[in-house]
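Report on the following structure.
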Amino acid sequence: MHSLQSPVDANLSALDKIIQIYQAHPAYPFDFSYCDYAEYVAATLMVLDILKAYIPHHERADWTFVTNYYDIRRHDPESRTSLISCINLKREQVFFLAIQDAREREDADDDAQAIYVAVERDDFYGGKWEENVPVEQWFSIFQIVFDLSKMTGLDQVDQLLKTYFNQKLSFTELRQIQQQFCL
């Protein structure tokens with residue numbers, strides 16, 4: 001992770017500090033990370049730095065990080081592309097963190113939320129589909145997508161990341177968090 005010993009305010013959250021560092025990047029807020037590989041790499045590094053700042057050090061080995069470059073040929077306005085997928089087999093949880101790109105912003109209303117939260121279950125992870133287990137035993141999926149161009153303060157995202165990575169939340173608790181953002 002980049003050194004945070006630059007001219008940043010010591011009172012800022014880890015998220016604010018990382019965002020402040022990446023704001024110096026000429027392509028920030030990485031609107032074309034879905035089709036420009038240099039932006040994709042910068043945005044992915046930013047997201048990885050964010051995740052490493054929030055995952056407790058003693059738990060980092062429990063998380064597997066996966067990323068894929070999705071280019072413009074996969075344009076699907078209905079899907080939200082996460083820059084990094086984080087899989088924790090012990091928790092039976094998957095966490096996706098993404099930033100909204102120019103395609104999504106074009107399709108969104110001016111009043112669209114700066115933060116999107118989604119919760120679901122999936123049997124793909126951990127081989128649950130092979131065991132044909134009930135849906136209640138599938139992995140919990142928690143996704144946060146945020147719009148860097150609309151963010152004046154990142155307090156909500158900071159709190160979501162702290163809550164998620166410092167507690168093993170049940171699927172029901174994750175759903176309650178999602179409902180707070182669907183008002």
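The sequence shown begins at 1 in full-length UniProt numbering and counts up one residue at a time. C-beta: ideal position from N, C-alpha, C; glycine also.
When DSSP states are grouped into helix, strand and coil, Ala98 belongs to the strand group.
Between the C-alpha atoms of Asn166 and Pro26 there is a straight-line separation of about 33 Å.
Of the candidates Ala38, Gln180 and Ala98, Ala98 places its Cα closest to the Cα of Asp147. For Val41, the enclosing alpha helix (DSSP H) covers residues Tyr37 to Tyr54. Contact holds between the stretch 13-32 and the stretch 158-172, because three or more Cβ pairs, one in each stretch, are under 8 Å apart.
Rounded to the nearest angstrom, the Cβ distance from Phe181 to Gln113 is 7 Å, consistent with a contact under 8 Å.
Distance from the CA atom of Gly126 to the CA atom of Leu89, rounded to whole angstroms, is 7 Å.
Per DSSP, reduced to three states, the secondary structure at Ala118 is strand. In the three-state scheme derived from DSSP, where H, G and I count as helix and E and B as strand, Thr172 is classed as helix. Close CB contacts of Gln143 within its chain, under the 6 Å cut and outside five residues either way in sequence, are with Phe96 and Ala118 (chain order).
In the three-state reduction of the DSSP assignment, Gln167 falls in the coil class, being assigned neither a helical nor a strand state. Annotation: the continuous alpha helix (DSSP H) that includes Trp129 extends over Lys128 to Glu131.
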